[in-house]
Amino acid sequence: MPYSPGRTIILWSLIGFASTTVIAGSILSIWRWVQPCAVGEKRFWTNCYRDLQAQPLKIGVSATSPIEDYQALASHLQEQLGVRVIVDRNTPFPEIRDRLDLEDWDIAFTGSPGFSIAAEDNNYIGVAVMYPDRPLYDRAALFVKADSKIKSIADIQPNTTIALGSSASVPTFLIPIYVLYGKTLKIGRGYHPREAINLVKTGKVDIGAGLYTAIKDDPALRAIYISQPLPGVGVYLSPRLLNFDRELIKIAMLNANPEIKAKAKYIAGQIPDYSELRKIITRAEEVSSCLKSTQNYFNWQVPVNLFCQERSPRKSAIR
Numbered sequence: 016m017p018y019s020p021g022r023t024i025i026l027w028s029l030i031g032f033a034s035t036t037v038i039a040g041s042i043l044s045i046w047r048w049v050q051p052c053a054v055g056e057k058r059f060w061t062n063c064y065r066d067l068q069a070q071p072l073k074i075g076v077s078a079t080s081p082i083e084d085y086q087a088l089a090s091h092l093q094e095q096l097g098v099r100v101i102v103d104r105n106t107p108f109p110e111i112r113d114r115l116d117l118e119d120w121d122i123a124f125t126g127s128p129g130f131s132i133a134a135e136d137n138n139y140i141g142v143a144v145m146y147p148d149r150p151l152y153d154r155a156a157l158f159v160k161a162d163s164k165i166k167s168i169a170d171i172q173p174n175t176t177i178a179l180g181s182s183a184s185v186p187t188f189l190i191p192i193y194v195l196y197g198k199t200l201k202i203g204r205g206y207h208p209r210e211a212i213n214l215v216k217t218g219k220v221d222i223g224a225g226l227y228t229a230i231k232d233d234p235a236l237r238a239i240y241i242s243q244p245l246p247g248v249g250v251y252l253s254p255r256l257l258n259f260d261r262e263l264i265k266i267a268m269l270n271a272n273p274e275i276k277a278k279a280k281y282i283a284g285q286i287p288d289y290s291e292l293r294k295i296i297t298r299a300e301e302v303s304s305c306l307k308s309t310q311n312y313f314n315w316q317v318p319v320n321l322f323c324q325e326r327s328p329r330k331s332a333i334r
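Sequential numbering of the sequence shown, starting at 16, is according to my numbering.
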C-alpha cells in the first residue's frame with residue numbers, strides 16, 4: 016500500500032484520541048477513589064454504598080398494614096444481620112415515589128404494582144412478592160349504584176361525576192384516566208376507595224373507582240368497567256446496598272419463619288412482568304399532565320375533557 020500522509024495523520028489522531036480517553040478514564044477513577052463517601056456510607060472500589068454499621072437498615076412500607084406487622088421482621092433482621100433496623104410506615108402516599116427516587120428505603124414493600132414499577136425504574140432489585148393470601152391478580156373497576164341509569168362507559172355525560180383516588184394509584188386513578196380517555200365528565204381526585212364507595216352509595220357521586228374484589232359482592236353496587244388482571248406486587252432491595260449486604264438481607268428475609276413472613280405479607284416468588292402496565296401508566300400520565308393547566312383541575316366544578324392534543328414527554332412513572 017503506497018504511503019499516504021493523510022492516512023497517517025488520521026491514524027495518529029485516532030491513537031491520540033484513544034490515549035486521551037484512557038488517561039481521562041484513569042483520572043476519573045483516581046478522583047473517585049480519593050473523593051470521600053458521604054457520612055454513613057462505605058466505599059467499595061469506586062462506588063459508595065450504605066454502611067449498615069453506621070446507619071440503620073430502613074424497611075419502607077407502602078401499604079395499609081399497621082407498623083407492628085413489620086416490627087417482627089425488623090427484629091429478625093436485626094438479630095440475623097447484627098445491624099440496627101427501623102421501619103418507615105409514615106410516608107404519605109403521594110411521597111412514596113420520592114422515597115424510591117432518593118433510594119431512601121433499603122427494603123421496599125411497594126404495596127402496589129405502580130410503586131413496584133417505580134422501584135424498578137430506580138434500579139431496585141426484586142427479591143420477593145407481597146400478599147400471598149390474596150389472588151395473584153386483581154382488577155380495577157369503575158362502579159355505580161345498582162339502580163343507576165349508567166350501564167357502561169358509553170353512558171357517561173359531561174355532568175356525570177366520578178370519585179378517583181390518589182394520582183399515584185394504579186387502580187383508582189391511572190387506569191380510570193386511561194379507559195376514560197376522550198370522555199368529558201366532572202372529576203374529583205384523592206378519595207380513598209372506601210370513601211368512593213360511600214359517595215356512590217349515598218348518591219353524592221355517580222361513579223367510583225376501586226378494586227373489583229371490594230365491590231363485586233355488594234348488592235348495592237354494580238361494575239360498569241372491569242380491567243384486565245393487574246400484576247402482583249414486589250418487595251425490593253436498594254441499589255445503594257453492597258451486593259454482599261443485599262444477598263445477606265435476601266437470605267435472612269426468605270429464611271424468616273412463616274409467622275414473620277405472614278405478618279409482613281411477603282413470600283418468595285417471581286417478580287411480575289409490568290411491561291403492559293407501564294404502557295397504560297405512561298399514557299395515563301400524559302393525559303393527566305395535559306389537564307394540569309386546566310382551570311378547576313379535578314375538583315368537580317366543571318366538566319373536564321380527558322383528551323390530549325399532543326403526547327407530552329414522560330417525566331416519571333407513578334408520581
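Every residue, glycine too, gets a C-beta built ideally from N, C-alpha and C. Keep in mind it's a predicted model, so treat the numbers as computed, not measured.
Limits of the unbroken beta strand (DSSP E) element including residue i
i	result
residue 201	199-203
residue 226	222-226
residue 160	155-160
residue 56	56-59
residue 123	122-124
For residue i, the residue or residues it bridges with in DSSP
i	result
residue 268	Note: residue 268 sits in no beta bridge, so no partner.
residue 314	203
residue 177	202 and 222
residue 281	145
residue 63	58
residue 342	The first residue shown for the chain is 16 and the last is 334, placing residue 342 beyond what the model contains.
residue 73	101
residue 245	153
residue 237	159
residue 251	123 and 141
Cβ neighbours of residue i in the same chain (closer than 8 Å, five flanking residues each side left out)
i	result
residue 251	122, 123, 125, 131, 134, 135, 139, 140, 141 and 142
residue 315	176, 201, 202 and 203
residue 77	106, 108, 111, 123, 124, 125, 126, 127 and 130
residue 280	78, 80, 84, 124, 145, 146, 147 and 148
residue 218	160
residue 237	158, 159, 160, 161 and 163
residue 318	173, 174, 199, 200 and 201
Nearest-angstrom Cβ-Cβ length linking residue i and residue j, presumed shorter than 8 Å
i	j	result
residue 62	residue 199	That pair is no contact at about 51 Å.
residue 100	residue 93	4 Å
residue 127	residue 184	7 Å
residue 342	residue 289	Here the chain comprises residues numbered 16 to 334, so residue 342 is not present and cannot be evaluated.
residue 194	residue 168	7 Å
residue 248	residue 146	6 Å
residue 296	residue 239	22 Å between Cβ atoms; not a contact.
residue 65	residue 255	5 Å
residue 225	residue 214	Incorrect: roughly 11 Å between the Cβ atoms, too far for contact.
residue 75	residue 106	7 Å
Segment limits, alpha helix (DSSP H) that includes residue i
i	result
residue 194	190-194
residue 305	290-306
residue 210	208-216
residue 93	83-96
residue 167	Note, residue 167: premise wrong, no alpha helix (DSSP H); not H, not E.
residue 115	111-116
residue 132	128-136
Proximal residues to residue i (C-beta, below 7 Å), its chain only, five neighbours per side dropped
i	result
residue 116	137
residue 70	55
residue 271	88 and 91
residue 260	67
residue 97	none
residue 95	267
residue 50	none
residue 228	153
Contact set for residue i: own chain, Cβ-Cβ below 6 Å, skip 5 residues either direction
i	result
residue 43	In this prediction, residue 43 scores a pLDDT of 47, lower than 50, which makes its location untrustworthy; the coordinate-derived value is nonetheless stated afterwards. Closer than 6 Å at the Cβ level, and outside the excluded window around residue 43, lies no residue.
residue 40	Caution applies to residue 40, whose pLDDT of 49 falls short of 50 and renders its modelled position unreliable; the value that the coordinates give is listed next. Closer than 6 Å at Cβ, skipping near neighbours: no residue.
residue 242	154, 155 and 190
residue 72	98, 100 and 121
residue 269	283
residue 235	161 and 216
residue 186	155 and 226
residue 104	76 and 82
residue 257	59 and 64
beta-carbon residue i near the ligand NAP non-hydrogen atom, thresh 7 Å
i	result
residue 169	In the structure shown, the ligand NAP is absent, as is every other ligand, since no ligand is present at all.
Contact between the region 208-218 and the region 168-180 (3+ Cβ pairs under 8 Å) = Taking 8 Å as the limit for Cβ pairs, the verdict is that the region 168-180 does touch the region 208-218.
query = How do the region 297-307 and the region 110-118 stand: do at least 3 beta-carbon pairs fall below 8 Å, yes or no?
reply = Counting Cβ pairs under 8 Å, fewer than three are found: no touch.
message = For the pair the region 262-276 and the region 150-168, tell me if three or more CB-CB distances fall below 8 Å.
response = With a cut-off of 8 Å, the region 150-168 and the region 262-276 do not count as touching, because too few Cβ pairs lie within range.
inquiry  = Quick check: the region 281-298 against the region 166-174, are at least 3 beta-carbon pairs closer than 8 Å?
reply    = Flag = no, the region 166-174 and the region 281-298 do not touch.
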